[in-house]
Amino acid sequence: MNDMISAATKPRQSGEKNAATPEVLDKLVFQRMYYLKALYDLTAELSPITSSRKLLESFLLMAMGVNGSGQGMMMICDRQGRSVLSASRGTRFDPEWTVESAEKHLYRGFQAAENRRLAAMSVTFIGDPQQVFSELETGLDVHSALLFMVDDSLLGIVGLGAPIDGRNFTLEEKDMLSGMTASFMVFLKNVRAYETVQALNADLLQTNDALRRTIADLTEARQQIRLLELAGIRLKQLFQQKIEQVGRFRAVDALLVLVVASLLSLFFNFSNPNGIPLLPEEVFREPGPRVDARAVQQLLATGDAVLVDARPSELFNLGHIPDAISIPAPLFDIIYPMKLAPRLQAGQAVVVYGRTFSKHYDDEVAYRLLQRHDDVRVMTGGMAAWKKQEMVP
Numbered sequence: 049m050n051d052m053i054s055a056a057t058k059p060r061q062s063g064e065k066n067a068a069t070p071e072v073l074d075k076l077v078f079q080r081m082y083y084l085k086a087l088y089d090l091t092a093e094l095s096p097i098t099s100s101r102k103l104l105e106s107f108l109l110m111a112m113g114v115n116g117s118g119q120g121m122m123m124i125c126d127r128q129g130r131s132v133l134s135a136s137r138g139t140r141f142d143p144e145w146t147v148e149s150a151e152k153h154l155y156r157g158f159q160a161a162e163n164r165r166l167a168a169m170s171v172t173f174i175g176d177p178q179q180v181f182s183e184l185e186t187g188l189d190v191h192s193a194l195l196f197m198v199d200d201s202l203l204g205i206v207g208l209g210a211p212i213d214g215r216n217f218t219l220e221e222k223d224m225l226s227g228m229t230a231s232f233m234v235f236l237k238n239v240r241a242y243e244t245v246q247a248l249n250a251d252l253l254q255t256n257d258a259l260r261r262t263i264a265d266l267t268e269a270r271q272q273i274r275l276l277e278l279a280g281i282r283l284k285q286l287f288q289q290k291i292e293q294v295g296r297f298r299a300v301d302a303l304l305v306l307v308v309a310s311l312l313s314l315f316f317n318f319s320n321p322n323g324i325p326l327l328p329e330e331v332f333r334e335p336g337p338r339v340d341a342r343a344v345q346q347l348l349a350t351g352d353a354v355l356v357d358a359r360p361s362e363l364f365n366l367g368h369i370p371d372a373i374s375i376p377a378p379l380f381d382i383i384y385p386m387k388l389a390p391r392l393q394a395g396q397a398v399v400v401y402g403r404t405f406s407k408h409y410d411d412e413v414a415y416r417l418l419q420r421h422d423d424v425r426v427m428t429g430g431m432a433a434w435k436k437q438e439m440v441p
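First residue of the sequence shown? That's 49 in the numbering used here, and the numbers climb one at a time after it.
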């Protein structure tokens with residue numbers, strides 16, 4: 049704009065008379081003031097905004113208003129973050145941008161740009177806007193478009209419709225739009241940095257909250273451990289005092305130790321979410337229906353039953369009843385649908401055997417089978433009873 053004023057005021061070669069008339073100078077000064085006023089209004093409008101999307105929408109409205117356009121569209125593609133922001137005004141509908149479609153239109157914009165070698169924080173006009181916007185079908189008649197680059201990973205396109213009065217954009221108006229876009233890029237860069245800081249702060253707050261909860265849990269656990277340690281020390285002192293007083297350990301002392309140990313165990317069980325049950329669940333279960341080895345022999349002979357060995361795989365491999373299916377209790381949920389469910393037919397009973405002196409595997413597996421089948425029985429005597437019937441060679 050300064051070059052235009054200088055050119056208008058430069059004297060002619062044929063004489064000393066100034067070539068610029070007062071009307072021309074007034075027009076140039078007015079254009080310059082309008083240009084500066086537009087930049088001032090843009091700065092005042094964008095300064096308080098801290099959101100990239102709101103910044104995009106506000107700039108598009110400002111650009112349309114300054115240039116007198118009734119239509120406009122703008123798109124920004126973040127190739128590093130794989131995201132797209134867009135805004136449009138005066139169109140039939142907004143296009144659904146993807147990163148791939150945005151990159152395709154940016155490539156077309158570079159092909160039709162006046163300057164194909166954009167540097168960071170630079171702007172260039174697109175010579176043929178229809179080459180970029182023709183496929184969008186938004187109803188936007190792009191009259192002027194420009195391409196801008198914030199950095200290598202953040203690029204965008206601005207497209208404006210023709211002025212409402214039907215005139216063409218002048219060179220001065222294009223310069224003004226280019227300057228406004230350059231100012232917008234500065235605000236966009238600052239807002240994105242602010243959003244990054246906000247996101248990092250949010251993550252930091254979440255991490256701090258989790259850390260505070262962990263510290264609180266550790267402090268509570270430490271206090272519980274300290275109480276247990278103090279109780280242990282006190283108990284030890286009590287034992288020593290009693291031994292010194294009596295000289296021998298009496299039955300009353302043994303009962304006292306048992307009571308205190310039980311109380312400590314109950315306290316630990318209550319404070320620990322993964323406490324140990326005082327009695328196993330098997331104690332409260334009703335035993336499954338029993339059947340002797342001879343009856344099992346008859347059921348197997350007629351095909352009215354399927355035999356299940358509930359012992360661990362090691363015991364099963366050492367010896368088992370022929371045609372028995374090995375389903376150890378720890379692997380029940382895995383082996384049952386693979387071996388027993390496909391083999392079991394309607395009307396057949398399931399007979400379970402296998403226990404040791406300390407572990408009743410058959411009752412545990414039978415309990416799980418009763419949750420799926422009505423006719424489940426436990427063979428009394430296990431392998432020993434079967435051998436007495438001479439079913440195992």
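Note that CB positions come from ideal geometry on N, CA and C, so glycine has one too.
Predicted, not measured: the structure shown is a model, and the values here were computed from it.
What is the rounded straight-line gap between the Cα of residue i and the Cα of residue j?
i, j, result
"Phe232", "Asn216", "23 angstroms"
"Val440", "Arg333", "Note that Val440 scores 48 on pLDDT, short of 50, meaning its location in the model is unreliable and no value can be drawn from it."
"Thr172", "Arg260", "52 angstroms"
"Asn256", "Lys387", "50 angstroms"
"Asp381", "Ile375", "9 angstroms"
"Asn249", "Gln285", "53 angstroms"
"Tyr242", "Pro96", "12 angstroms"
"Gln179", "Val132", "20 angstroms"
"Asn365", "Ile373", "11 angstroms"
"Phe405", "Leu379", "21 angstroms"
"Ala353", "Arg338", "14 angstroms"
"Ala161", "Gly175", "6 angstroms"
"Thr267", "Val234", "49 angstroms"
"Ser149", "Glu221", "30 angstroms"
"Arg137", "Ala258", "44 angstroms"
"Asp357", "Val426", "10 angstroms"
"Leu202", "His153", "14 angstroms"
"Leu363", "Arg391", "23 angstroms"
"Ala168", "Ala230", "11 angstroms"
"Ser170", "Leu252", "35 angstroms"
"Leu73", "Tyr83", "15 angstroms"
"His408", "Val344", "19 angstroms"
"Tyr88", "Leu94", "10 angstroms"
"Val8", "Gly204", "Lying before the first or after the last residue shown, residue 8 is absent from the chain, which here runs from 49 to 441."
"Arg270", "Phe318", "16 angstroms"
"Ser134", "Arg416", "59 angstroms"
"Leu278", "Gln272", "10 angstroms"
"Asp411", "Trp434", "17 angstroms"
"Leu184", "Asn163", "24 angstroms"
"Ala397", "Leu348", "10 angstroms"
"Ala341", "Gln393", "22 angstroms"
"Gln437", "Pro385", "31 angstroms"
"Tyr155", "Ser99", "27 angstroms"
Run through the DSSP bridge pairs and tell me what residue i is partnered with.
i, result
"Ala135", "Met122"
"Val147", "Val147 is not bridged to any residue."
"Val426", "Arg338 and Val400"
Is DSSP giving residue i helix, strand or coil here?
i, result
"Phe173", "strand"
"Ser117", "strand"
"Ala161", "strand"
"Leu355", "strand"
"Arg338", "strand"
"Ile263", "helix"
"Ile369", "coil"
"Gly63", "At Gly63 the pLDDT is 42, less than 50, meaning the model places this residue with poor confidence; the figure from the coordinates comes in the next sentence. It is coil, neither helix nor strand."
"Lys435", "helix"
"Gly142", "The question names Gly, yet the displayed sequence has Asp at residue 142. Coil at Asp142, not helix or strand."
"Ala167", "coil"
"Gly280", "helix"
"Arg127", "coil"
"Arg333", "coil"
"Pro70", "helix"
"Ser100", "helix"
"Thr350", "coil"
"Ser313", "helix"
"Ser95", "coil"
Using 8 angstroms as the cut-off, classify the Cβ of residue i as near or not near the heavy atoms of the ligand NAD, replying yes or no.
i, result
"Met123", "The model depicted lacks the ligand NAD and carries no ligand whatsoever."
Item to check | Runs of alpha helix (DSSP H) lying entirely within the segment 375-424, each at least 4 residues, in chain order | outcome: 380-383 and 409-418
Item to check | Those runs of the alpha helix (DSSP H) which lie wholly inside the segment 172-260 and span at least 4 residues | outcome: 178-181
Item to check | the segment 262-269 touching the segment 119-127, judged by at least three CB pairs closer than 8 angstroms | outcome: no
Next on the checklist: Across the segment 224-239 and the segment 192-204, are there enough close Cβ pairs to call them in contact, namely three or more that are closer than 8 angstroms?
Outcome noted: yes
Next on the checklist: Could you check whether the segment 79-88 touches the segment 198-217, counting it as contact only if at least three pairs of C-beta atoms, one from each stretch, sit closer than 8 angstroms?
Outcome noted: no
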